[in-house]
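**Student:** I am attaching a structure below and will ask some questions about it afterwards.
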Amino acid sequence: MADLETFRRETKSWLEANAPASLVGQIGNELEGTWGGRKATWPNPDAKRWLDVMAARGFTAPTWPKAYGGGGLEPAEAKVLAQLLRELRLPPPLIGFGLTMIGPTLLRFGSEEQKTLHLPRICRGEIRWCQGYSEPGAGSDLASLQTKALRDGDHFVLNGTKVWTSYADQADWIFALVRTNPTAKKQEGITFLLVDMDTPGVSVSPILLISGKSPFCETHFQDVRVPVANVVHQIDAGWTVAKALLGHERTMIADAFGGAGPRPDKKGGRSYLAELAASKLGEEQGRIADPIFRDEVAAFEMESRAFALTVQRTKDAARAGHQPGSESSMFKIYGTELNQRRYELLVRLLGPDALGWEGPGFDEADLEITREWLRSRGNTIEGGTSEVQLNILAKHVLGLPS
Ligand SMILES: Cc1cc2nc3c(=O)[nH]c(=O)nc-3n(C[C@H](O)[C@H](O)[C@H](O)COP(=O)(O)OP(=O)(O)OC[C@H]3O[C@@H](n4cnc5c(N)ncnc54)[C@H](O)[C@@H]3O)c2cc1C
289 MADLETFRRE TKSWLEANAP ASLVGQIGNE LEGTWGGRKA TWPNPDAKRW LDVMAARGFT
349 APTWPKAYGG GGLEPAEAKV LAQLLRELRL PPPLIGFGLT MIGPTLLRFG SEEQKTLHLP
409 RICRGEIRWC QGYSEPGAGS DLASLQTKAL RDGDHFVLNG TKVWTSYADQ ADWIFALVRT
469 NPTAKKQEGI TFLLVDMDTP GVSVSPILLI SGKSPFCETH FQDVRVPVAN VVHQIDAGWT
529 VAKALLGHER TMIADAFGGA GPRPDKKGGR SYLAELAASK LGEEQGRIAD PIFRDEVAAF
589 EMESRAFALT VQRTKDAARA GHQPGSESSM FKIYGTELNQ RRYELLVRLL GPDALGWEGP
649 GFDEADLEIT REWLRSRGNT IEGGTSEVQL NILAKHVLGL PS
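Note that our numbering has the sequence shown beginning at 289, numbered continuously upward.
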């Protein structure tokens, strides 16, 4: 324990000495912050300085082995680091699917060469990853995917299209599920492959949405040659890897949306929701004036904080090496539904001000709420729909017949 106290004291002074002042209070979450990658831009150069200094210390991936660019910290030390970042109101230096999805998957299933090549580049924020799972005919029924990978010597040749690939236009590498055996049972003919998006034949077309902005893309593979060495785990055994990665993805989504929420408390006191309710509905003796709405906010806040603490415990377990299983489906449902309720409440508070989209007459903060409210509809779809999560829980947790 004395060692942990020393670690806390030394790390705190180091963070205070190295964190750029301009980033204090820019808390962010697992989906808001510095994504890194070859195409990254740095409107605030301090964000790049913060990334570099933290990566050099191994603090972008605190529990990963030092040999792969991580910090080699014990789970308890990593927890202290996370607490200190919250306490000092500092953002994580790096976020993204490298750290939350493909990194942990490679640590478990990757070859030594794959770990040595990819993990340090993830830790330094040099490579941004995207996820090539869904296809036009394979969403919930993911195992029906049809992107073909035909063996040609020491390469596979890929043909097919992935859809809803979030941020593919900004990514450098994609982890993709491809069909290597068309005659086997569908789950048994799938391979998990790492593809450099600069390879000839890979192209990306953004999908435009009515909102005018969208992270979605289609990713096309036309005769793309990928070394067999880029197979993670084994040929035709990609389904096992895919499911393990989904456990990490669902926990990350639960945390990003349901944990602290996308608008964490930035003032160290009331939540954003309570703050807005007080400003829109007025206050009486320091309490939200409208008693009915006050009750709703209080109930929501209690659930939300309890859930955030539960998510913290799952993160502690992950730091200690626990691989998320079917319980990640439970967190995913709960966290995403919580986020939808958060935005329902916020939009109700705004009333007619929530009807704006752009232009004068509307406050930018209100417009942001409207957009996030619409965005939250996707929460119960991404990473597998709520219905699919319920099926997983029924089958794998409750043991009900399928
Ligand atoms: C914001 C967002 C980001 C995304 N990012 C990515 C990404 O980066 N990479 C990627 O590969 N994909 C991504 N996706 C795609 C996502 O994984 C799929 O949309 C999702 O798995 C659902 O598939 P689908 O859209 O084809 O719907 P479908 O599978 O066609 O489902 C339609 C409806 O039928 C229901 N349904 C289907 N099967 C069953 C069943 N067996 N039992 C009960 N109900 C069922 C579903 O719950 C749903 O309501 C993203 C999606 C969203 C919304």
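Note that the Cβ used here is the ideal one computed from N, Cα and C, for glycine as well.
May I ask whether a heavy atom of ligand 1 can be found less than 6 Å away from the beta carbon of T453?
**Tutor:** Walking along the sequence shown from the start, residue 453 turns up at place 165. The answer is yes for T453.
**Student:** Given 6 Å as the limit, tell me if G570 has its C-beta closer than that to any heavy atom belonging to ligand 1.
**Tutor:** Residue mapping note: residue 570 aligns to position 282 of the sequence shown, counting from 1. Checking the Cβ of G570 against ligand 1 gives no.
**Student:** With a cut-off of 8 Å on the beta carbons, I'd call F509 and L446 a contact; round off their distance for me.
**Tutor:** In the sequence shown, counting from the first residue as 1, residue 509 sits at position 221. In the sequence shown, counting from the first residue as 1, residue 446 sits at position 158. L446 and F509 do touch by the CB rule: their CB atoms are close to 4 Å apart, below 8 Å.
**Student:** Can you tell me which of P689, G644, G609 and R396 puts its alpha carbon nearest to the alpha carbon of E660?
**Tutor:** On the sequence shown, residue 660 is found 372 positions in, with the first residue counted as 1. Cα-wise, what sits closest to E660 is G644.
**Student:** Count the other C-beta atoms from every protein chain shown that fall within 10 angstroms of the C-beta of R630, then say buried if there are 16 or more, exposed otherwise.
**Tutor:** The residue labelled residue 630 in the question sits at position 342 within the sequence shown. By the neighbour-count definition (other C-beta atoms within 10 Å, threshold 16), R630 is a buried residue.
**Student:** Would you say the beta carbon of Q419 comes nearer than 6 Å to a heavy atom of ligand 1?
**Tutor:** Within the sequence shown, residue 419 is the residue found at index 131, counting from 1. Indeed, a heavy atom of ligand 1 lies less than 6 Å from the Cβ.
**Student:** Measuring only the C-alpha atoms, how far is G666 from G313?
**Tutor:** Working through the sequence shown from its first residue, we reach residue 666 at position 378. Working through the sequence shown from its first residue, we reach residue 313 at position 25. Rounded to whole angstroms, G666 to G313 spans 27 Å at the Cα level.
**Student:** Taking only three categories from DSSP, how would you classify W645?
**Tutor:** One-based indexing of the sequence shown puts residue 645 at position 357. Coil at W645, not helix or strand.
**Student:** According to DSSP, is R593 part of a helix, a strand, or is it coil?
**Tutor:** Taking the first residue of the sequence shown as position 1, residue 593 is located at position 305. If DSSP states are grouped into helix, strand and coil, R593 belongs with the helices.
**Student:** With distances taken Cα to Cα, identify the nearest neighbour of N679 among L292, S428 and K354.
**Tutor:** Sequence index remark: in the sequence shown, residue 679 carries index 391 (1-based). The residue with the shortest Cα to Cα distance from N679 is S428.
**Student:** Tell me which same chain residues have a C-beta within less than 6 Å of the C-beta of L564, skipping the five on either side of it?
**Tutor:** Walking along the sequence shown from the start, residue 564 turns up at place 276. L637, listed in sequence order.
**Student:** Within the chosen definition, does the region 447–458 reach the region 412–423 through at least 3 CB pairs nearer than 8 Å?
**Tutor:** yes
**Student:** Please find out if some non-hydrogen atom of ligand 1 comes closer than 6 Å to the beta-carbon of G427.
**Tutor:** Position 139 of the sequence shown holds residue 427. Yes, the beta carbon of G427 sits closer than 6 Å to at least one heavy atom of ligand 1.
**Student:** Just tell me which of A370, E298 and L394 has its CA closest to the CA of V520.
**Tutor:** In the sequence shown, residue 520 corresponds to position 232, counting from 1. Comparing alpha carbon positions, the residue from A370, E298 and L394 closest to V520 is L394.
**Student:** Taking C-alpha atoms, which residue in P470, L481 and A349 lies nearest to F463?
**Tutor:** Within the sequence shown, the letter at position 175 stands for residue 463. Residue L481 is the option with its Cα nearest to F463.
**Student:** Can at least three beta-carbon pairs, one atom from the region 562–581 and one from the region 484–499, be found at a separation below 8 Å?
**Tutor:** no
**Student:** If we ignore side chains and look at the alpha-carbon of each, how far apart do Q522 and P515 end up?
**Tutor:** For the purposes of this step, residue 522 is taken as the residue at position 234 of the sequence shown. For the purposes of this step, residue 515 is taken as the residue at position 227 of the sequence shown. Taking the CA atoms as reference points, Q522 sits about 13 Å from P515.
**Student:** Grouping DSSP H, G and I as helix and E and B as strand, with all else coil, what is R663?
**Tutor:** As a working note, residue 663 is residue 375 in the sequence shown. Three-state result, R663: helix.
**Student:** Classify K554 as buried or exposed, calling it buried when 16 or more other Cβ atoms lie within 10 Å of its own Cβ.
**Tutor:** Along the sequence shown, one-based indexing puts residue 554 at 266. The predicted position of K554 is uncertain, since its pLDDT is 48 and thus under 50; a value taken from the coordinates is nonetheless stated next. Per the 10 Å Cβ criterion, exposed.
**Student:** Run the CB neighbour count on I415, radius 10 Å, all protein chains shown included, and call it buried at 16 or more, exposed below.
**Tutor:** To locate residue 415, count along the sequence shown from 1; it is residue 127. When all chains shown are included, I415 counts as buried.
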